[in-house]
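A.B. asks:
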Amino acid sequence: MGSAKEQGRLWGAAVDDWAAVCEPWSRPLYAATLAAVSSLAGMDLLDAGCGSGLALKLAADRGARVAGLDAAAAMVERAADRVPGADLRVGDIADLPFEDGVFDVVTAFNSVQYAADPAAAVADLVRVTRPGGRVALGVWGDPERCETEILFRRIRDLAPSSAAPLAISAPGVVEGLLAGAGLAVATVGEVECPFTFPDRETGWRGQSAIGPLRAAIDAAGESAVRAAYADAVDRFRQPDGSYRQRNVFRYVVGRKPAQVESSAAT
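Residue numbers (the working numbering): 1172 to 1437.
#1: In angstroms, rounded to a whole number, what distance separates the CA positions of D1448 and P1410?
#2: What's the gap between the Cα of Q1430 and the Cα of G1272?
#3: Measure from the alpha carbon of D1402 to the alpha carbon of each residue in R1417, W1375, V1419 and V1423, then state which is nearest.
#4: When we look at the beta-carbon of A1184 and count the other beta-carbons within 10 Å, is it buried (16 or more) or exposed?
#5: Which of the three DSSP states, helix, strand or coil, is assigned to G1262?
#6: Can you name the start and end residues of the beta strand (DSSP E) that Q1284 belongs to?
#7: Taking the beta strand (DSSP E) that V1237 falls in, what are its first and last residues?
#8: Let me know the secondary structure DSSP gives A1352 once reduced to three states.
#9: From what residue to what residue does the beta strand (DSSP E) around R1421 run?
#10: Flag this pair as yes or no: are the beta carbons of G1227 and A1244 separated by less than 8 Å?
#11: Just to confirm the assignment, what range does the alpha helix (DSSP H) spanning L1495 have?
#12: Have a look at V1424 and A1294 and give me their C-alpha separation to the nearest angstrom.
#13: Report the CB separation of N1281 from P1336 in whole angstroms; it is logged as a contact under 8 Å.
#14: Going by alpha carbons, who is nearest to V1283 out of A1265, G1213 and V1276?
#15: Excluding the 5 residues flanking V1396 on each side, which residues of the same chain have their C-beta closer than 6 Å to its C-beta?
#16: Just to confirm, are G1262 and G1239 a CB contact at a threshold of 8 Å?
#17: Can the beta-carbon of A1380 be found closer than 8 Å to that of C1221?
#18: For L1322, report the span of its beta strand (DSSP E) as first-last.
#19: Would you say K1427 and L1308 are within 8 Å of each other, going by their C-beta atoms?
#20: Please determine, among P1383, R1260 and A1279, the residue with the shortest C-alpha to C-alpha distance to L1329.
#21: Beta carbon of F1274, beta carbon of D1215: below 8 Å?
#22: As a quick exercise: from P1314, V1237 and A1175, pick the residue whose alpha carbon is nearest that of V1254.
#23: So, helix, strand or coil for V1359, using DSSP?
#24: A1399 lies in the alpha helix (DSSP H); which residues open and close that run?
#25: What residues in its chain sit with their C-beta under 8 Å from that of L1211, if we drop five residues either side in the sequence?
#26: Grouping DSSP H, G and I as helix and E and B as strand, with all else coil, what is F1366?
As structure tokens, this is what we get:
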């Protein structure tokens, strides 16, 4: 798991369901992270792993000039509908098709953990960031406070090779990735992102659109994954018949050192 080609295939399989059901759950994370990097007016911003473009739209609304990249061509097409005129490309988060130092802000929401080499992915995010610019990573929080991890554990039982969405969520891992790429950690925060849906079928439609569940369906078949899904999520059923999975997400913002000017002495 982890190649852009494979991740593009998995995440591009049910884009409409992802955009309609799942992506809105991440709005609080997007909003909090963008607020943490302060003013975006007039800034050049790249969202790496942009999905269907909600974070890009929020950044554009704050005055940023936005660009996006995703491994799934169908995601990029949906993002283009949401943010007309944005510079949107299909590619690999660890091999970004952009020149060095062209963005003031680079964001990556729940995308670095799907790279074959997360450290290499972060290094490339830093490469395309201007000196003095910021790189913001948004990830799942403490697994003990993320109820959806119960579902992910069941899915890994069916398909052990499927990617783990909380793979870089252990304390200090994201900070270490940024520091290893030469950034100083500037801001750390967390936000609650409950996953809510009116009935189990809607939840299945949305959550079966994400890459790890698509991989499990490939490995074990849809009927087996549906059964595991029902067993995992029924504990989240509310008295009114709706479902709610309580989750916490984290964001970590790192700043790239300003360029050191050479001495003018001769």
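Think of the CB as a built atom: it goes at the ideal place given N, C-alpha and C, for glycine as much as any other residue.
C.D. replies: Looking at the coordinates:
#1: Nothing about residue 1448 can be reported from this structure: the residues present for the chain run from 1172 to 1437 only.
#2: Distance between the alpha carbons of Q1430 and G1272 is about 11 Å.
#3: Of the candidates R1417, W1375, V1419 and V1423, the one whose C-alpha sits nearest the C-alpha of D1402 is W1375.
#4: A1184 is buried by the Cβ-count criterion.
#5: G1262: coil per DSSP, three-state reduction.
#6: Secondary structure note for Q1284: it is in no beta strand (DSSP E), with a DSSP letter that is neither H nor E.
#7: From DSSP, the beta strand (DSSP E) with V1237 extends over R1236 to D1241.
#8: Correct three-state label for A1352: coil.
#9: DSSP places R1421 in the uninterrupted beta strand (DSSP E) bounded by V1419 to R1426.
#10: The displayed chain sequence assigns Leu, not Gly, to residue 1227. Contact: no.
#11: In the structure displayed, the chain extends from 1172 to 1437; residue 1495 sits before or after that span and is not available.
#12: Looking at the two C-alpha atoms, the distance is approximately 14 Å.
#13: The beta carbons of N1281 and P1336 sit about 7 Å from each other, so the pair counts as a contact at 8 Å.
#14: Cα-wise, what sits closest to V1283 is A1265.
#15: Within the same chain, V1396 has close Cβ partners A1387 and I1388.
#16: Result no, Cβ atoms of G1262 and G1239 do not sit closer than 8 Å.
#17: When the beta-carbon positions are compared, A1380 and C1221 stay at least 8 Å from each other.
#18: In the DSSP annotation of this structure, L1322 is not part of any beta strand (DSSP E); the continuous alpha helix (DSSP H) holding it starts and ends at T1319 to L1329.
#19: No, they are not a contact pair.
#20: The residue with the shortest Cα to Cα distance from L1329 is P1383.
#21: In this structure, D1215 lies closer than 8 Å to F1274 by Cβ.
#22: The shortest CA-to-CA distance from V1254 to any of P1314, V1237 and A1175 is the one to V1237.
#23: Three-state result, V1359: strand.
#24: For A1399, the enclosing alpha helix (DSSP H) begins and ends at E1393 to V1404.
#25: Cβ-Cβ distances below 8 Å link L1211 to L1205, A1230, R1233, G1234, A1235 and V1276 in the same chain, with the five nearest sequence neighbours on each side left out; the list follows chain order.
#26: Note: F1366 maps to strand in three-state DSSP.
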